[in-house]
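Peer 1:
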C-alpha cells in the first residue's frame with residue numbers, strides 16, 4: 025500500500041511537472057534481467073528468506089485473513105487479469121507492421137533547427153583562439169538566461185585553460201557549476217537540464233576523458249530525439265590535440281568516434297573568428313554538439329574578431345585559398361600545417377578547404393573543389409583507419425571518380441598512441457609527411 029501510494033503521487037506530480045525522479049526500492053532481485061539466467065545460482069536459503077517478504081503474497085494472505093478475499097474471488101481476479109493480458113496481446117499482434125520511409129527516419133534523428141544569422145558590427149579586437157572561445161561563451165551566457173556551464177574546476181579556478189575565469193563572479197554558482205571527476209555524471213546531468221528546458225555547455229577537461237562519459241553521449245544524447253522526441257540541448261567542449269608534449273592521455277583528437285554516431289553534431293574550428301561564431305551557433309542549436317578545441321592553437325593563433333555576438337552556420341566549409349592544381353581538405357591544426365606548407369611552396373596552386381564542421385559535412389564544397397582541380401589530398405591529425413579522411417576519400421571516389429586525375433591521397437598521424445617525448449611526438453604527427461605527399465601529388 026505504501027509503495028502504491030508513493031508511486032501514484034509521484035506519477036501524478038511528474039505528469040504535471042516532468043522531471044527526473046529517483047525512487048529507491050529496497051528489495052531482492054530473484055533472477056537476472058533475462059529468462060536464460062534462471063535462479064540456480066541463488067542460494068536456496070536466501071530465496072526462502074525473501075519469499076517470506078513477498079508483498080503480493082503477504083497482501084493476499086492479509087485479505088484472506090480479514091475475510092475480504094475468498095479463494096473463488098482470487099481465482100476470478102487472476103482469470104480476469106490473464107484474459108486482459110491475452111486480449112491486449114492479440115490486439116497488438118494483429119496490428120499492421122510498422123512502416124516508414126528513409127526520409128522520415130532521417131528527419132527524426134535531429135530536432136529541426138533553423139539557423140538564425142546574427143551579424144556583427146565593425147568593431148574588432150585582435151585575440152587568440154582561447155580568448156575567442158571565452159568571449160563567445162560569456163556572450164552566450166548573457167544572451168541565454170537558461171544556459172548553465174559545468175565541468176571540473178571551471179568555477180573558482182576558471183578551468184585548467186582559464187577559459188571560464190571570472191565567470192563564477194559574473195553569473196553565479198547556479199549557472200557556473202563545478203562537478204565531481206565523473207564525466208558520465210556531468211553528461212547525464214546536462215541531459216536532465218535539457219529535459220527541464222535548460223541549455224548547457226559542459227567541459228571535458230581534456231577530450232581524452234570523454235571515454236568516461238561515452239555511454240551517455242552515444243546512448244542518451246545522440247538517440248534521445250529519434251527515440252522519444254526529446255532534444256539534448258547540450259554542447260560538449262573538447263580540448264584536444266597533440267603538439268604540446270602532453271602524452272597519450274591528454275593529446276588525442278578523437279572526433280571520428282562521434283562523427284560515426286547519428287544524432288551528434290561535430291564542430292572543429294581552426295581560427296578564433298570561426299570558433300566564436302560556431303560556438304554561438306552550437307549553443308543556439310537544440311541538438312547535442314561536440315565542439316573540438318585544439319590546445320596547440322589556444323595561444324598560438326591570433327585573429328581580428330568582432331567584439332559583439334554573432335553566429336556562423338554549421339555545415340559550411342571555408343575556402344581559404346584558391347588554386348587550379350590540387351585540393352587540400354583539412355581541419356583543426358591541419359589547416360595551419362597546410363598554410364605553412366603552401367607558404368613554403370609557392371609554386372603549388374591549391375584550393376585549401378577548412379571543413380570547420382565535420383557533422384554535418386559540407387560535401388558540396390568538397391565535390392565542387394575536387395571537380396575543379398582533379399587532384400585531392402586530405403590531411404588530418406587523427407590516425408588513419410576509420411577516420412574522417414577515409415570516409416571523405418570514399419565519398420570522393422563515389423561522387424567524383426571521373427573527374428580525378430590522380431589517386432586520392434590521405435595523410436594522417438601514425439597508428440600508435442601519442443608519444444610524450446617531443447621528438448617522438450613530432451615524428452608521430454603528419455605535418456612533415458604532408459609536405460612530401462602534397463609535392464608528389466602536385467607533380468603527378
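Residue numbers (my numbering): 25 to 468.
The C-beta atom is built at its ideal place from N, Cα and C for all residues, glycine as well.
Predicted model only: the values in this text are computed from it and were never measured.
1) Beta-carbon within less than 6 Å of residue 434's beta-carbon, same chain only, minus the 5 sequence neighbours each way: which residues are those?
2) Using the beta-carbon count (16 or more within 10 Å), is residue 134 buried or exposed?
3) From the DSSP secondary-structure annotation, give me the bridge partner or partners of residue 175.
4) Could you tell me which of 213, 244 and 335 sits nearest to residue 44, measuring between CA atoms?
5) Secondary structure at residue 351, three-state DSSP: helix, strand or coil?
6) Between 292, 317, 195 and 217, which lies nearest to residue 227 when the distance is taken from Cα to Cα?
7) Let me know if residue 289 comes out buried or exposed under the rule of 16 or more other beta-carbons within 10 Å of its beta-carbon.
8) How far does the alpha helix (DSSP H) with residue 106 in it extend, from its first residue to its last?
9) Would the segment 182–190 and the segment 327–337 be scored as touching if the rule is three or more Cβ pairs under 8 Å?
10) Does the Cβ of residue 311 have 16 or more other Cβ atoms within 10 Å, making it buried, or fewer, making it exposed?
11) Label residue 277 either buried or exposed according to how many other C-beta atoms from any shown protein chain fall within 10 Å of its C-beta, with 16 as the threshold for buried.
12) Given that a residue counts as buried once 16 or more other Cβ atoms are within 10 Å of its Cβ, and exposed if not, what is residue 308?
13) With a threshold of 8 Å on Cβ separation, who are the neighbours of residue 306 within its own chain once the five nearest residues in sequence on each side are excluded?
14) Whose C-alpha, out of 335, 206, 352 and 299, is nearest the C-alpha of residue 319?
15) So is residue 206 buried or exposed if we call it buried at 16+ other beta carbons inside 10 Å?
16) With C-beta atoms as the reference, is residue 357 less than 8 Å away from residue 267?
17) Identify whether residue 381 lies in helix, strand or coil by the three-state DSSP scheme.
18) Please determine if the segment 161–178 and the segment 340–355 are in contact, where contact requires at least 3 C-beta pairs separated by less than 8 Å.
19) Can you tell me whether DSSP reads residue 278 as helix, strand or coil?
20) Quick check: does the Cβ of residue 241 come within less than 7 Å of any heavy atom belonging to the ligand FAD?
21) So, is residue 70 buried or exposed, given that buried needs 16 or more other C-beta atoms within 10 angstroms?
22) Do residue 280 and residue 411 have their beta-carbon atoms positioned less than 8 Å apart in this structure?
Peer 2: Short version:
1) 402, 413 and 417
2) With at least 16 other beta carbons inside 10 angstroms of its own, residue 134 counts as buried.
3) The partner list for residue 175 (beta bridge, DSSP) reads 202 and 227.
4) 213
5) In this structure, residue 351 counts as strand in the three-state DSSP scheme.
6) 317
7) buried
8) 95–118
9) no
10) buried
11) buried
12) buried
13) 259, 289, 291, 313, 315 and 338
14) 299
15) Exposed, by the Cβ-count rule.
16) yes
17) Strand.
18) No: the two stretches stay apart, fewer than three of their Cβ pairs being nearer than 8 Å.
19) coil
20) Of ligands this structure carries none, so the ligand FAD is not represented either.
21) exposed
22) Judged by their CB atoms, residue 411 and residue 280 are nearer to each other than the 8 Å cut-off.
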